[in-house]
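Okay, structure first, notes after.
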Amino acid sequence: MARSRPVVDMARRMRMANLIRQKRLQAGLEQAELAERIGVTPAAVGNWERCIARPDFDTVPKLCSVLRISATELLNMEPEMGLNGDERDVLSSYRRMNPANKRMVRTLISELEQNEQERKFEYLRNSAYRMPAILAASAGFGPTMDDELPTEQLYVRTNPYQQQSTVLVKVNGKSMEPVYMDGSFVYVDEKRTPRVGDDVVVIYEDTLYIKQFTPRGLESYNPDKETYPLIKVQGWQDVRCLGVVRGRVNEYDILAGQELKEVEQAYAAIEE
């Protein structure tokens with residue numbers, strides 16, 4: 043039974059062909075000049091660039107040296123497995139240094155890395171803001187509030203709503219849909235005095251709500267008024283206002299995953 047021929051990855055071969063041509067042109071070499079430097083025929087270089095053939099194992103190191111690329115780049119392997127041309131030059135220079143100069147280079151690299159880390163941390167702190175988030179806020183039937191509202195710290199991207207707010211509040215319930223969806227967060231300004239027309243976060247009869255402040259009282263956006271009736275109040279004597287809603291928090295605003303870890307490290311760096 044005849045053996046099946048291996049599948050040829052033409053996309054990978056084409057990538058190598060294009061890379062050889064690109065790097066040769068960047069080096070200002072004709073095909074014949076490149077061929078002479080690495081000890082092959084001009085026809086061989088032409089075949090590589092036309093994806094007819096590939097460099098053999100013994101030719102790859104010479105080709106990479108002349109074109110100033112790593113073997114991993116040429117072969118489309120993982121980048122950490124090799125060095126590019128600049129990295130090889132730096133390593134070669136370092137190896138020729140005496141021990142004292144090598145120590146100076148390592149010290150300088152350490153200082154540069156620290157400066158780079160500090161600049162990165164400063165950028166991250168400027169791009170994300172740590173805010174307290176109230177998790178038990180209700181838009182309909184909410185839990186009874188204790189003196190201490192349950193909160194946690196969230197990191198949000200810097201944006202105009204965040205800059206106008208002091209706390210995040212999580213919506214719990216459907217009384218404010220479709221404006222504020224159940225499970226979402228809103229930006230809240232605790233310092234602003236509420237005005238008619240504002241959406242507000244209030245505690246009424248020991249329950250936390252998000253409602254619209256109208257001349258009639260505290261209303262829900264949900265059209266189901268039987269389920270979510272008007273809350274009538276006399277001024278603010280019967281209700282404690284926690285703040286005015288500034289806007290909705292988009293899912294993109296709240297950091298998560300690796301991005302969150304990096305921002306947490308940036309904030310931890312100034313708290314140590």
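Every letter in the sequence shown is one number past the one before it in my numbering, and letter 136, counting from 1, is 178. We treat Cβ as the ideally placed atom computed from N, Cα and C, and that holds for glycine. All figures in this text were calculated on a predicted structure; none of them were measured in a lab.
(request) With E158 as the anchor, note down where its alpha helix (DSSP H) starts and where it stops. (result) Taking the sequence shown and counting its residues from 1, the one referred to as residue 158 is at position 116. DSSP places E158 in the uninterrupted alpha helix (DSSP H) bounded by P141 to S169.
(message) Rounded to the nearest angstrom, what separates G88 and K65 at their Cα positions?
(response) For the purposes of this step, residue 88 is taken as residue 46 along the sequence shown, with counting starting at 1. For the purposes of this step, residue 65 is taken as residue 23 along the sequence shown, with counting starting at 1. About 14 Å.
(request) Have a look at L117, V108 and I111 and flag the residue whose alpha-carbon is nearest the alpha-carbon of F99. (result) Residue 99 sits at position 57 when you count from the first residue of the sequence shown. Out of L117, V108 and I111, the CA that lies nearest to the CA of F99 is found in L117.
(request) Keeping to the same chain, check which residues put their C-beta closer than 7 Å to that of M223; ignore five residues upstream and five downstream. (result) Position 181 of the sequence shown, counted from the first residue, corresponds to residue 223. Counting only Cβ-Cβ distances below 7 Å, and skipping sequence neighbours, we find V213.
(message) Does D188 pass the burial test, meaning 16 or more other C-beta atoms within 10 Å, or should it be called exposed?
(response) Indexing the sequence shown from 1 puts residue 188 at position 146. With a pLDDT of 46 at D188, under the threshold of 50, the predicted position of this residue should be treated as unreliable, and no value is reported.
(request) Could you have a look at M58 and say whether DSSP puts it in helix, strand or coil? (result) As a first step, residue 58 must be located in the sequence shown, where it is residue number 16. M58 sits in a helix when the DSSP states are folded into three classes.
(request) State yes or no: is the C-beta of E91 within less than 7 Å of the C-beta of A59? (result) If you number the sequence shown from 1, residue 91 lands on position 49. If you number the sequence shown from 1, residue 59 lands on position 17. Contact: yes.
(message) Is the beta carbon of C106 closer than 7 Å to that of A95?
(response) Position 53 of the sequence shown, counting from 1, holds the residue named residue 95. Position 64 of the sequence shown, counting from 1, holds the residue named residue 106. Result no, Cβ atoms of A95 and C106 do not sit closer than 7 Å.
(request) Whole angstroms is fine: what's the gap from M146's alpha carbon to G70's? (result) For the purposes of this step, residue 146 is taken as residue 104 along the sequence shown, with counting starting at 1. For the purposes of this step, residue 70 is taken as residue 28 along the sequence shown, with counting starting at 1. Distance from the CA of M146 to the CA of G70, rounded to the nearest whole angstrom, comes to 36 Å.
(request) Identify whether Q195 lies in helix, strand or coil by the three-state DSSP scheme. (result) Here the question's residue 195 lines up with position 153 in the sequence shown. The answer is strand: DSSP assigns Q195 an E or B state.
(request) Output the distance between the C-alpha atoms of G299 and K216, rounded to the nearest integer angstrom. (result) Along the sequence shown, one-based indexing puts residue 299 at 257. Along the sequence shown, one-based indexing puts residue 216 at 174. A direct Cα-to-Cα measurement between G299 and K216 gives close to 29 Å.
(request) Within the segment 219-268, note down every full beta strand (DSSP E) run reaching 3 residues or more, in order along the chain. (result) 227-231, 241-246, 249-256 and 259-261, all fully within the segment 219-268.
(request) Within the same chain, show all residues whose beta-carbon is closer than 8 Å to that of Y294, passing over the 5 residues directly before and after it, in chain order. (result) The sequence position of residue 294 within the sequence shown is 252, counting from 1. Here the set comprises R199.
(request) Sort out for me which residues DSSP pairs G289 with in a bridge. (result) On the sequence shown, residue 289 is found 247 positions in, with the first residue counted as 1. Bridge partners of G289 according to DSSP: Y229.
(request) Measure the C-alpha to C-alpha separation of S134 and T101 and round it to an integer number of angstroms. (result) Within the sequence shown, residue 134 is the residue found at index 92, counting from 1. Within the sequence shown, residue 101 is the residue found at index 59, counting from 1. Answer to the nearest angstrom: the Cα atoms are 21 Å apart.
(message) Just verifying my parser: in three-state terms, what is the DSSP assignment at L210?
(response) Taking the sequence shown and counting its residues from 1, the one referred to as residue 210 is at position 168. Residue state, collapsed to three classes: strand.
(message) Starting from Y309, trace the alpha helix (DSSP H) in both directions and tell me its first and last residue.
(response) As a position in the sequence shown, residue 309 is number 267, starting the count at 1. G299 to A311 is the extent of the alpha helix (DSSP H) around Y309.
(request) For P271, name the three-state secondary structure that DSSP assigns. (result) As a position in the sequence shown, residue 271 is number 229, starting the count at 1. DSSP, reduced to helix, strand and coil, places P271 outside both helices and strands of the structure shown, so it counts as coil.
(request) With DSSP collapsed to three states, give me the class of S134. (result) Taking the sequence shown and counting its residues from 1, one reaches residue 134 at position 92. When secondary structure is reduced to three states using DSSP, S134 falls in the helix class.
(request) Could you tell me which of D128, V242, Y309 and Y171 sits nearest to K233, measuring between CA atoms? (result) Taking the sequence shown and counting its residues from 1, the one referred to as residue 233 is at position 191. It is V242 whose Cα lies nearest to the Cα of K233.
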